[in-house]
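Participant: Would you mind keeping the following structure in view while I ask a few things?
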Amino acid sequence: MDYDVGERALQLRGRLRELIAQEIPEGYLGAFTDDPADLDVAQRFCRTLASEGLLTVAWPEEYGGAGGSVWEQTVVREEMWAHHEPRGAQYMGLNWVGPAIMAFGNDDQKRRHLPPIAAGEVIWCQGFSEPGAGSDLASLSTRAEPDGDGFVVTGQKIWTSYAQMAQWCVLAARVGAPGAGARKHEGITIFLVPMDRPGITVRPIRSMLGPHHLNEVFFDSVRVEPDEVLGGVGNGWKVIRRALAHERVGIARYARCDRLMSEYSDLAGGIDGLPPALREQWVWALVQVRVARLLAYRAVARQQSGVDDASASAARIAVTQCDQQVAEVLFDALEQRSIEDKAAGAPLHGAAEDHWRYAQAATVASGTIEIQRMLVARELLGASK
Amino acid sequence: MNPQLPDEAASFGAAAEKAFTALGAVDVARRAEADPAVRQREVVPVLQSLGAEDLDPRQDLDTAAAAGALCRAAGRVALPYPVAAAVLRDHDGNPTAAAGGGGTARIDHGDLFTTWRLVGLDGTTGIAVRASKPLGSRLGPFVSDLERGESRDAGGARAAAMWITLTGWRILGCVERALELAVSHVRDREQFGQKLSEFQAVQFQLADAAVAVAGLDELCRYTTWKACSDPAGAAVDALALRLYALETARTVLRTAQQLHGAAGVCDEYDVSILARHIQPDLRLPFGAATTAAHLGAAVQEHGFEALFPQGGPRA
Numbered sequence: 001m002d003y004d005v006g007e008r009a010l011q012l013r014g015r016l017r018e019l020i021a022q023e024i025p026e027g028y029l030g031a032f033t034d035d036p037a038d039l040d041v042a043q044r045f046c047r048t049l050a051s052e053g054l055l056t057v058a059w060p061e062e063y064g065g066a067g068g069s070v071w072e073q074t075v076v077r078e079e080m081w082a083h084h085e086p087r088g089a090q091y092m093g094l095n096w097v098g099p100a101i102m103a104f105g106n107d108d109q110k111r112r113h114l115p116p117i118a119a120g121e122v123i124w125c126q127g128f129s130e131p132g133a134g135s136d137l138a139s140l141s142t143r144a145e146p147d148g149d150g151f152v153v154t155g156q157k158i159w160t161s162y163a164q165m166a167q168w169c170v171l172a173a174r175v176g177a178p179g180a181g182a183r184k185h186e187g188i189t190i191f192l193v194p195m196d197r198p199g200i201t202v203r204p205i206r207s208m209l210g211p212h213h214l215n216e217v218f219f220d221s222v223r224v225e226p227d228e229v230l231g232g233v234g235n236g237w238k239v240i241r242r243a244l245a246h247e248r249v250g251i252a253r254y255a256r257c258d259r260l261m262s263e264y265s266d267l268a269g270g271i272d273g274l275p276p277a278l279r280e281q282w283v284w285a286l287v288q289v290r291v292a293r294l295l296a297y298r299a300v301a302r303q304q305s306g307v308d309d310a311s312a313s314a315a316r317i318a319v320t321q322c323d324q325q326v327a328e329v330l331f332d333a334l335e336q337r338s339i340e341d342k343a344a345g346a347p348l349h350g351a352a353e354d355h356w357r358y359a360q361a362a363t364v365a366s367g368t369i370e371i372q373r374m375l376v377a378r379e380l381l382g383a384s385k
Numbered sequence: 386m387n388p389q390l391p392d393e394a395a396s397f398g399a400a401a402e403k404a405f406t407a408l409g410a411v412d413v414a415r416r417a418e419a420d421p422a423v424r425q426r427e428v429v430p431v432l433q434s435l436g437a438e439d440l441d442p443r444q445d446l447d448t449a450a451a452a453g454a455l456c457r458a459a460g461r462v463a464l465p466y467p468v469a470a471a472v473l474r475d476h477d478g479n480p481t482a483a484a485g486g487g488g489t490a491r492i493d494h495g496d497l498f499t500t501w502r503l504v505g506l507d508g509t510t511g512i513a514v515r516a517s518k519p520l521g522s523r524l525g526p527f528v529s530d531l532e533r534g535e536s537r538d539a540g541g542a543r544a545a546a547m548w549i550t551l552t553g554w555r556i557l558g559c560v561e562r563a564l565e566l567a568v569s570h571v572r573d574r575e576q577f578g579q580k581l582s583e584f585q586a587v588q589f590q591l592a593d594a595a596v597a598v599a600g601l602d603e604l605c606r607y608t609t610w611k612a613c614s615d616p617a618g619a620a621v622d623a624l625a626l627r628l629y630a631l632e633t634a635r636t637v638l639r640t641a642q643q644l645h646g647a648a649g650v651c652d653e654y655d656v657s658i659l660a661r662h663i664q665p666d667l668r669l670p671f672g673a674a675t676t677a678a679h680l681g682a683a684v685q686e687h688g689f690e691a692l693f694p695q696g697g698p699r700a
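Chains A and B, in that order, are what the protein sequence lines are.
Going by my numbering, the first residue of the first sequence is number 1, and it counts up by one from there.
Going by my numbering, the first residue of the second sequence is number 386, and it counts up by one from there.
Here is the structure:
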């Protein structure tokens, strides 16, 4: 029984904090704000990380990575999210597009795609969700009709983050008619498609999250070449499952909660500086953030030992709920000033206001809390419920 | 990083659970309520056979984890005995429990021993003597008042933190058993032509309870580890554990009783006994509101360990 992440992971945390302090401006709220300069910060930071081999800590050594332990990977997730993901949109390519290409790609695809991802030079977007296929992803209806030796893709994707700036899309589309019932995932195929291909239209969706987070992507008779299929025709569900497994433990939201509560505590002069009526909620939030982190560690440890259970879903429930709870506690503390944003000179450079807006989607993004509850309950009740 | 309980502690906990089950599991609590002497006559020999008397959780992490596993097993059956106090005996053999201020102290199973050592998170420590018969109430059948005697040396803070931590383990045992009983009940019981477990509203309540129990399980282990690796922060961590344990008990027991329907308040069903007999652990020496207030003060003074720590001397 030991909760020490180990010397290497600790050193990594220290180095990441040093680099962040050197390169990320105070009050940075991520790459996707109304200020385009924030995106440049992220691009520069990615190059710095790449030059130190820190962009691909999780990647195997044979693909130029550091072969870092799951705890080093955890530290990267924590530090990046705590500091408003200064890798910008790169995390998607690094966290799962790259690993999926390693697992399912052919040599040409690996040569073409892995080096630019490892160098932080390319942005990917994920074309999975559709207006009629959200949590029930296997119901997707975007079609890839065979055409000569390739395909013609027609359909609509939605909630696609970074689609406006992405150079490439991991697209899930259906080849052939959908199977019935439990076989509806048959025919789903993954394509690696350049976003400048004729017939692709991106339309931003205005949201409280700010620019670049949500988009619609329309595929209107888009030509896709046979060498752009990843993992074989009809094997898309396998690729998606693998991709989702990489994202299993989810975003380390508790790390930003910790940081914001710590910064606000400093600002207020500690708990004694909070309104008395808020102190109980504050300490309760502190405890919940700790528990969320421990549940995330449990999921990582189980994944490391090859256990496939609902621990990741349990962690997601705790982590996303604590995210929203901390957002509310911070807003209660800030009272009238809570609704000021960075431009209006908000306390904490607008980080609490930014956090509250993001937190609203925490229990929806990457698998809703309802789906996570179903998975936990299914395990609890067993197959014969 | 390895959040697993040490093998020896896990084995010890399993042996304790087996022994308590052989004693009749929750039935021993029912028997003790009718005849309080059951505690000495039946429970004490079982604890002796397990070697619980030799278990000093202040010794090292493995022993602390084993003591935690013992308290957890006790919580699973509402074992009518102050196990945490017993393993924290002082040099004179006095059982040790955390207590609030004031002239009298209210202690679960306080009647079992003539003298007690009472400790506080502020370091206060003193000897108290038995002063009353058990309350005999439904929610505190064995709770007795003690009269405080002379104050002794300071230095009780560590024992108080350990008592609170071990009580957290006991609460963990109680809520995880209550959840198992609820799961079993909804898998058996049918209404409107289907099992209760097939209603999504029921599934979601169970899922939330399971996450809370898993969180408490992790926090018990983390707090025990941290008490051994960083004794200076033990009071803050113990209070954090207590706050989470109390809230988890409130929500999980509520869910477990609700899903049992009217049976949830009937003593024929184990969940009712668990919910009644855990109350002294949730209310003594203080409940959730006071725990939160103490935690706030402790964070202000000592800080709170986190990825980005807060409070303490920095604030």
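Where is the CB? At the ideal position from N, CA and C, for every residue including glycine.
Which residues of the stretch 198-223 of chain A have a Cβ closer than 9 Å to any Cβ of chain B? Give them in chain order.
Facilitator: none
Participant: Beta-carbon within less than 8 Å of B:Thr636's beta-carbon, same chain only, minus the 5 sequence neighbours each way: which residues are those?
Facilitator: The count along the second sequence starts at 1 and reaches residue 636 of chain B at position 251. So the list reads Asp593, Ala594, Ala597, once near-sequence residues are dropped.
Participant: Between which two residues does the alpha helix (DSSP H) containing B:Gln685 stretch?
Facilitator: As a working mapping, residue 685 of chain B is identified with position 300 in the second sequence. Here the alpha helix (DSSP H) through B:Gln685 covers 673-687.
Participant: Which same chain residues, not among the five before or five after B:Leu638, have their C-beta less than 6 Å away from its C-beta?
Facilitator: Taking the second sequence and counting its residues from 1, one reaches residue 638 of chain B at position 253. Here the set comprises Ala563, Ala660.
Participant: Hey, how far is the Cα of A:Leu16 from the Cα of A:Arg248?
Facilitator: Your numbering for residue 16 of chain A matches position 16 in the first sequence. Your numbering for residue 248 of chain A matches position 248 in the first sequence. Each residue's Cα considered, the two are about 23 Å apart.
Participant: Measuring alpha carbon to alpha carbon, tell me which of B:Pro670, B:Leu669, B:His679, B:Ala647 ends up nearest A:Trp284.
Facilitator: By one-based count along the first sequence, residue 284 of chain A stands at place 284. For A:Trp284, the nearest C-alpha among the options comes from B:His679.
Participant: Please report the residue range of the beta strand (DSSP E) in which A:Gly150 lies.
Facilitator: Mapped onto the first sequence, residue 150 of chain A falls at position 150. Taken as a continuous stretch (DSSP letters only), the beta strand (DSSP E) holding A:Gly150 covers 150-158.
Participant: Here's the rule: buried if 16 or more other CB atoms are within 10 angstroms of the residue's CB, otherwise exposed. What is B:Asp493?
Facilitator: Along the second sequence, one-based indexing puts residue 493 of chain B at 108. Burial call: buried.
Participant: Using a Cβ-Cβ cut-off of 7 Å (strictly less than) and excluding sequence neighbours within five positions of B:Val587, which residues of its own chain qualify?
Facilitator: Taking the first residue of the second sequence as position 1, residue 587 of chain B is located at position 202. Cβ within range, chain order: Val571, Leu581, Leu644.
Participant: Report yes if the C-beta distance between B:Ala619 and B:Ala630 is below 7 Å; otherwise report no.
Facilitator: To locate residue 619 of chain B, count along the second sequence from 1; it is residue 234. To locate residue 630 of chain B, count along the second sequence from 1; it is residue 245. Cβ distance not < 7 Å, so B:Ala619 and B:Ala630 don't count as in contact.
Participant: Consult DSSP for A:Cys322 and reduce its assignment to one of helix, strand or coil.
Facilitator: Within the first sequence, residue 322 of chain A is the residue found at index 322, counting from 1. Helix at A:Cys322.
Participant: Have a look at B:Ser657 and A:Phe218 and give me their C-alpha separation to the nearest angstrom.
Facilitator: Walking along the second sequence from the start, residue 657 of chain B turns up at place 272. Walking along the first sequence from the start, residue 218 of chain A turns up at place 218. So the two alpha carbons sit approximately 58 Å from each other.
Participant: Taking the alpha-carbon positions, what's the A:Ala138 to A:Ala42 distance?
Facilitator: Within the first sequence, numbered from 1, the residue matching residue 138 of chain A stands at position 138. Within the first sequence, numbered from 1, the residue matching residue 42 of chain A stands at position 42. Cα-Cα distance, rounded: 34 Å.
Participant: With 7 Å as the limit, tell me which residues of the stretch 237-262 of chain A have their beta carbon closer than that to any beta carbon of chain B; keep them in chain order.
Facilitator: Ala255, Asp258, Arg259, Met261, Ser262
Participant: Compute the distance between the beta-carbons of B:Ile556 and B:Asp666, then report whether it is under 7 Å.
Facilitator: Reading the second sequence from its first residue, position 171 is the one you call residue 556 of chain B. Reading the second sequence from its first residue, position 281 is the one you call residue 666 of chain B. Contact check for B:Ile556 against B:Asp666 passes: the beta carbons are separated by less than 7 Å.
Participant: Can you name, in chain order, every residue of its own chain whose Cβ lies under 6 Å from the Cβ of A:Asp341, other than the five neighbours on each side?
Facilitator: On the first sequence, residue 341 of chain A is found 341 positions in, with the first residue counted as 1. Cβ neighbours of A:Asp341 beyond the five flanking positions: Gly350, Glu353.
Participant: So is B:His476 buried or exposed if we call it buried at 16+ other beta carbons inside 10 Å?
Facilitator: On the second sequence, residue 476 of chain B is found 91 positions in, with the first residue counted as 1. When all chains shown are included, B:His476 counts as exposed.
Participant: Thinking A:Asp389 and A:Gln281 are a contact (beta carbons under 8 Å), I'd like their distance in whole angstroms, please.
Facilitator: With chain A represented from 1 up to 385, any question about residue 389 of chain A goes unanswered, as that position is not in the structure.
Participant: By how many angstroms is the C-alpha of A:Val175 removed from the C-alpha of A:Arg44?
Facilitator: What you label residue 44 of chain A is simply residue 44 of the first sequence in a count that begins at 1. What you label residue 175 of chain A is simply residue 175 of the first sequence in a count that begins at 1. Spanning the two alpha carbons is a distance of roughly 40 Å.
Participant: Under the assumption that A:Ile271 contacts B:Gly681 (Cβ atoms under 8 Å), give the Cβ distance between them as a whole number of angstroms.
Facilitator: As a first step, residue 271 of chain A must be located in the first sequence, where it is residue number 271. As a first step, residue 681 of chain B must be located in the second sequence, where it is residue number 296. Correct: roughly 5 Å between the Cβ atoms.
Participant: If the cut-off is 7 Å on Cβ atoms, which residues from the stretch 549-578 of chain B count as contacting chain A, listed in chain order?
Facilitator: Val568, Arg572
Participant: Please look up how many angstroms separate the CB atoms of A:Val239 and A:Gly231, rounded, as I've assumed it's under 8 Å.
Facilitator: Translated into the one-based positions of the first sequence, residue 239 of chain A becomes position 239. Translated into the one-based positions of the first sequence, residue 231 of chain A becomes position 231. That belief holds up - the Cβ atoms of A:Val239 and A:Gly231 are roughly 5 Å apart, short of 8 Å.
Participant: Could you compute how far the alpha carbon of A:Val122 sits from the alpha carbon of A:Val97?
Facilitator: What you label residue 122 of chain A is simply residue 122 of the first sequence in a count that begins at 1. What you label residue 97 of chain A is simply residue 97 of the first sequence in a count that begins at 1. Going by the C-alpha atoms only, they are around 11 Å apart.
Participant: What separation, rounded to the nearest whole angstrom, lies between the Cα atoms of B:Phe369 and A:His83?
Facilitator: Nothing can be reported for residue 369 of chain B: it is not among the residues displayed for chain B, which extend from 386 to 700.
Participant: Quick one: using the 10 Å Cβ neighbour count with 16 as the cut-off for buried, is A:Cys169 buried or exposed?
Facilitator: Start at 1 with the first residue of the first sequence, and residue 169 of chain A comes out as number 169. Buried, since its Cβ has 16 or more Cβ neighbours within 10 Å.
Participant: Nearest chain B C-beta to A:Val307 closer than 7 Å, yes or no?
Facilitator: Within the first sequence, residue 307 of chain A is the residue found at index 307, counting from 1. Answer no: the Cβ-Cβ gap between A:Val307 and chain B never drops below 7 Å.
Participant: As a quick exercise: from A:Ala180, A:Tyr254, A:Ser161, A:Ala119, pick the residue whose alpha carbon is nearest that of A:Val326.
Facilitator: Sequence index remark: in the first sequence, residue 326 of chain A carries index 326 (1-based). Among A:Ala180, A:Tyr254, A:Ser161, A:Ala119, the Cα nearest to that of A:Val326 is on A:Tyr254.
Participant: Note down, in chain order, each residue of its chain lying with its Cβ closer than 6 Å to the Cβ of A:Pro99, except the 5 sequence neighbours on either side.
Facilitator: Here residue 99 of chain A corresponds to residue number 99 of the first sequence, with the count starting at 1. Cβ contact annotation for A:Pro99 (same chain, cutoff 6 Å, sequence separation greater than five): His246, in chain order.
Participant: Let's test the definition: count the other Cβ atoms within 10 Å of the Cβ of A:Gly21 and tell me whether it reaches 16, buried, or not, exposed.
Facilitator: Residue 21 of chain A sits at position 21 when you count from the first residue of the first sequence. The amino acid occupying residue 21 of chain A in the given sequence is Ala; Gly does not appear at that position. Result: exposed.
Participant: Less than 8 Å between the CB atoms is what I'm expecting for A:Val224 and A:Val153, so what's the real figure, rounded?
Facilitator: Counted from its first residue, the first sequence places residue 224 of chain A at position 224. Counted from its first residue, the first sequence places residue 153 of chain A at position 153. So it is a contact: roughly 6 Å between Cβ atoms.
Participant: Thinking just about the alpha-carbon of each residue, which of B:Leu432, B:Arg627, B:Tyr607, B:Ala546 is nearest to the one in B:Thr676?
Facilitator: Start at 1 with the first residue of the second sequence, and residue 676 of chain B comes out as number 291. Closest by alpha carbon: B:Arg627.
Participant: Taking the straight line between their C-alpha atoms, what separation do you get for A:Ile24 and A:Val57?
Facilitator: Your numbering for residue 24 of chain A matches position 24 in the first sequence. Your numbering for residue 57 of chain A matches position 57 in the first sequence. So the alpha carbons of these two residues sit roughly 20 Å apart.
Participant: At a CB distance below 9 Å, what residues from the stretch 646-663 of chain B approach chain A? Give them in sequence order.
Facilitator: none
Participant: If you run the structure through DSSP and keep just helix, strand and coil, what is B:Val423?
Facilitator: Start at 1 with the first residue of the second sequence, and residue 423 of chain B comes out as number 38. B:Val423: helix per DSSP, three-state reduction.
Participant: Around the Cβ of B:Phe577, are there at least 16 other Cβ atoms within 10 angstroms (buried) or fewer (exposed)?
Facilitator: Counting from 1 along the second sequence, the entry for residue 577 of chain B is found at position 192. By the 10 Å Cβ count, B:Phe577 comes out exposed.
Participant: How about B:Asn479: is its C-beta nearer than 7 Å to some C-beta of chain A?
Facilitator: Translated into the one-based positions of the second sequence, residue 479 of chain B becomes position 94. By this cut-off, B:Asn479 is not an interface position.
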